[in-house]
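Peer 1: The listed protein sequences derive, respectively, from chains A and B. Here UniProt numbering is used: the first residue of the first sequence is 1, the next is one more, and so on. Here UniProt numbering is used: the first residue of the second sequence is 1, the next is one more, and so on.
Number of protein chains: 2
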Amino acid sequence: MKNLEQLKNEFANLSEFLIAIGDETRQAIIIALLEDNACNGLRVNDLTEVTDLSRPAISHHLKILKQAHLVDFRREGTKNYYYLSHNISEIEQLRQLLTHVSDIIDKEQ
Amino acid sequence: MKNLEQLKNEFANLSEFLIAIGDETRQAIIIALLEDNACNGLRVNDLTEVTDLSRPAISHHLKILKQAHLVDFRREGTKNYYYLSHNISEIEQLRQLLTHVSDIIDKEQ
DNA sequence: TTTAATGGTTTAAAAATAAGAACCAAAAGG
DNA sequence: CCTTTTGGTTCTTATTTTTAAACCATTAAA
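#1: Can you find a C-beta in chain A that's less than 7 Å from the C-beta of serine 89 (chain B)?
#2: Alpha carbon to alpha carbon, what distance is there between histidine 60 (chain B) and histidine 69 (chain A)?
#3: Going by the C-beta, is histidine 86 (chain A) closer than 6 Å to any heavy atom of the ligand ZN?
#4: Taking CB distances under 7 Å as the criterion, tell me whether lysine 79 (chain A) reaches chain B.
#5: For threonine 25 (chain A), tell me which candidate among A:Leu53, A:His100, A:Lys107, A:Lys79 has the shortest Cα-Cα distance.
#6: Answer with yes or no whether the minimum CB distance from asparagine 37 (chain B) to chain A is below 7 Å.
#7: At least one CB of chain A closer than 7 Å to the CB of lysine 63 (chain B): is that the case?
#8: What are the partner residues of arginine 75 (chain B), as DSSP defines its beta bridges?
#9: Against chain A, does arginine 95 (chain B) count as a neighbour if the rule is that its beta carbon must be under 7 Å from one of theirs?
#10: Against chain A, does isoleucine 104 (chain B) count as a neighbour if the rule is that its beta carbon must be under 7 Å from one of theirs?
#11: Using CA atoms only, rank isn't needed, just tell me which of B:Pro56, B:Glu35, B:Cys39, B:Asn37 is closest to residue 191 (chain B).
#12: Which residues in the same chain have their Cβ closer than 7 Å to the Cβ of isoleucine 39 (chain A), if we skip the five residues on either side of it in sequence?
#13: Whose CA, out of B:Gln93, B:Asn3, B:Asp103, B:Ile58, lies closest to the CA of alanine 32 (chain B)?
#14: Just to confirm my understanding: we take valine 71 (chain B), look at its own chain, exclude 5 residues before and 5 after, and list those with CB closer than 7 Å. What are they?
#15: Give the residues of chain A in contact with alanine 12 (chain B), contact being defined as C-beta atoms less than 9 Å apart.
#16: Run the CB neighbour count on alanine 12 (chain A), radius 10 Å, all protein chains shown included, and call it buried at 16 or more, exposed below.
#17: Given that a residue counts as buried once 16 or more other Cβ atoms are within 10 Å of its Cβ, and exposed if not, what is glutamate 90 (chain B)?
#18: State buried or exposed for glycine 22 (chain B), treating a residue as buried only when at least 16 other CB atoms are found within 10 Å of its CB.
#19: Could you check the C-alpha separation between glutamate 5 (chain B) and arginine 75 (chain B) for me, to the nearest Å?
#20: As an exercise, report each continuous alpha helix (DSSP H) stretch of at least 4 residues that is fully enclosed by the stretch 29–100 of chain A, in chain order.
#21: Distance, Cα to Cα, valine 50 (chain B) vs glutamate 108 (chain B)?
#22: Using 7 Å as the limit for Cβ to Cβ distance, is glutamate 49 (chain A) near chain B?
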C-alpha cells in the first residue's frame, strides 16, 4: 500500500515536534508564551520563574523548541525575547497525519 | 484568561499520548498495526521481526502504547493479538488542542 | 574602559528510558 | 502429567535526557 509509506514519512518528520510538545516542562513554556498576549516575547529569566528551573535548563528546552520550529526569538542588545513562531507548519502537518490515521482505522473498522 | 487553564489541562492529558507517538520505534509498531488490514491483530513475535528488537523491548513499548490507549489486544489461548484501538479519543482531543493553539496564535498574530 | 547585566555553552551529575538475558506463569498438545 | 509454545516480568546494563555549577562572550551602562 503506497499510502502507508507516505504515512511513515509524515510520522518520522513529526517526531521532533511530538517529542517537543510531549514534555510537561516544555508545555509549561509554551503555555507561558501563549499567555504573553502582549506578544513582546518572554526572556529566559521570565521562564525560570514560571518553571522553577535554572537558566541552563530553560535554555536547553528552548533549544529543543527552536529546533522543532515551535519558538523563535529576537535580540535586543543582550536581551533575547522568545515567542511562539507565527506559522508553525507542523500543526497543520500533524492535523493531516491524524486524519490519515483515522481514515485508515475507520476503513478497516 | 480562563481558556489557558483549560488548554493547560488538555496539554497535560495528552502528554502520554504525545510521548507514545513521538518515539520512532513505537511509530514503527503503529505502522505495522496499520498495515495489518486483515485486522486479525499482530503477535509480539511478528513485531520483533518488523523492528529487529527483542521480545521484552516490544513488550515494553506495547505497554506504553496500551497505557496511551493506542493499542488493545485479545487473548486466544497463549497467544496475544495486538491491534490499534477502534476509538482513539486522544486523536480528536489532540485535533481540538491544535485548533485551540492555532486560534490563540492567530488572534495575537 | 571598567563594571554589570544578559544569556548561551560546556561540563559533570542525576534521573529517566530503553534494551536484552534470564526467569516465570499460563495454556495447549501430546 | 510432562513438554512446548507464548509472552509478560524481573533484573541489570547501556543510553539518553535533564539538570545545575562554572565558564565564556556580548552588549549596555557608568
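Virtual Cβ for every residue (Gly too), placed ideally from N, Cα, C.
Peer 2: The short version:
#1: no
#2: 30 Å
#3: In terms of ligand content, the structure shown is empty, and the ligand ZN therefore cannot be addressed.
#4: no
#5: A:Leu53
#6: yes
#7: no
#8: B:Asn80
#9: yes
#10: yes
#11: The structure shown does not extend to residue 191 (chain B), since chain B is modelled only from 1 through 109, so no value can be given for it.
#12: Looking at the sequence provided, one finds cysteine at residue 39 (chain A) rather than isoleucine. Counting only Cβ-Cβ distances below 7 Å, and skipping sequence neighbours, we find Tyr83.
#13: B:Ile58
#14: Leu33, Leu62, Leu65, Tyr82, Tyr83, Leu84, Ser85
#15: Glu24, Gln27
#16: exposed
#17: buried
#18: buried
#19: 41 Å
#20: 44–51, 55–67
#21: 45 Å
#22: no
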